[in-house]
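Input: a single structure, listed below in structure tokens.
There are 2 protein chains.
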Amino acid sequence: MSHTKVLPLLEPEASGAVVPCCPPLTERPFTAEEAETAARMFKALGDPVRLRLFSAVASHEGGEACVCDISDVGVSQPTVSHHLKKLKEAGLLTSERRGTWVYYRVEPSVLAAMGRLLTMAPAAV
Amino acid sequence: MSHTKVLPLLEPEASGAVVPCCPPLTERPFTAEEAETAARMFKALGDPVRLRLFSAVASHEGGEACVCDISDVGVSQPTVSHHLKKLKEAGLLTSERRGTWVYYRVEPSVLAAMGRLLTMAPAAV
DNA sequence: CATCTATGTTGACATACGTCGAACCAGGGT
DNA sequence: ACCCTGGTTCGACGTATGTCAACATAGATG
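Residue numbers (our numbering), protein chains in the order written: chain A, 61 to 185; chain B, 61 to 185.
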């Protein structure tokens, strides 16, 4: 599974830049398809353990952390791995093995896109 | 159930102003308690139907909508009601009965707070 | 009061989800 | 080669979740 995977919330472009899937929630009613896409991201963050893991990675120095640095969240190590996988599948994290350790890092554009979703529609453009 | 209910993400104040529960996800690792609180919100938006309903209300004129205006999301009416209740319990929506119809409206501060959660930690303040 | 329309509630069901222990894979020493 | 440590995958289990049909409730209106 090392080939490029489709990110749910963002459409990757050739340059590596990404374009958000959906307008702000407040702009117009989401279509079924938009909702399906965006909900996948929210769902991924909708578990306390996953949210802690994500926050731990996101706030870690350099925007990345190895599993050993963040796996102290009160669940077994397989469960940590399971949740990290979920976050990866949701397009929120990427992982890379370097020697003994596996490093996870956040996809910054995804954070920005999710933030945009929750933006109040600007009164005037 | 008409008495004031505790909002999960925000602590209501006397004035009606609210104060966010958590710092940006990228600022520092979330505590278990913070994660529990914030995850409840993300979870509420983690279902496509709920996300559509929420978006429909949020984007509706005046920031509010009656159920009849937004219940065309492809599921039965009881299911719509169920999801609206979930959104209410998560502190994302409030409801008010006016005559025959029940109107739902978004809690604007909650949107702002969630947006802040997804903010990149500003390099300099 | 009878009844109609708009919502909410209940009970039941299938599926999804979070969790764990055990087994398994990958690298790095020794 | 061997084993040790870090991490993932597998299989199983209990619980939560989304969904619907049926019933219940709240106002409006005749």
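Even for Gly, the Cβ is constructed at its ideal location relative to N, Cα and C.
If we ignore side chains and look at the alpha-carbon of each, how far apart do T86/A and T154/B end up?
16 Å
Specify the secondary structure class of L153/A as computed by DSSP and reduced to three states.
strand
Can you check DSSP and say which residues form a bridge with R165/A?
Note: R165/A sits in a beta bridge opposite E124/A, T154/A.
Note the first and the last residue of the continuous alpha helix (DSSP H) segment covering S119/B.
108-119
From the beta carbon of R112/A, is the nearest beta carbon of chain B less than 8 Å away?
Yes, its Cβ sits closer than 8 Å to a Cβ of chain B.
Could you run through the region 143-165 of chain A and flag, in chain order, every residue whose CB is less than 8 Å away from some CB of chain B?
none
Taking a contact to mean a Cβ-Cβ separation below 8 Å, would you say P89/B touches S169/A in this structure?
no
Rounded to whole angstroms, how far is the Cβ of L111/A from the Cβ of A99/B, which I believe are closer than 8 Å?
5 Å
CB contact below 8 Å: P80/A versus chain B:
no
Quick check on A172/A: does DSSP put it in helix, strand or coil?
helix
Could you tell me whether any Cβ in chain B is nearer than 8 Å to the Cβ of S169/A?
S169/A does not count as touching chain B.
Buried or exposed: which applies to A92/B, given that a residue is buried once 16 or more other Cβ atoms fall within 10 Å of its Cβ?
Exposed: under 16 other Cβ atoms inside 10 Å.
If the criterion is Cβ atoms closer than 8 Å, does the pair M101/A and M180/A meet it?
no
Whose C-beta lies closer than 6 Å to the C-beta of V143/B among residues of the same chain, with five residues either side of it excluded?
A quick correction: the sequence has His, not Val, at residue 143/B. Taken in chain order, the residues that qualify are V109, R110, L113.
Interface residues of chain B around T179/A at Cβ under 7 Å?
G175
Expressed to the nearest angstrom, what Euclidean distance is found between the alpha-carbon atoms of Y163/B and A125/B?
5 Å
Opening and closing residue of the alpha helix (DSSP H) in which M180/A lies:
Note, M180/A: premise wrong, no alpha helix (DSSP H); not H, not E.
Distance CB(V166/A)-CB(G134/A) smaller than 8 Å:
no
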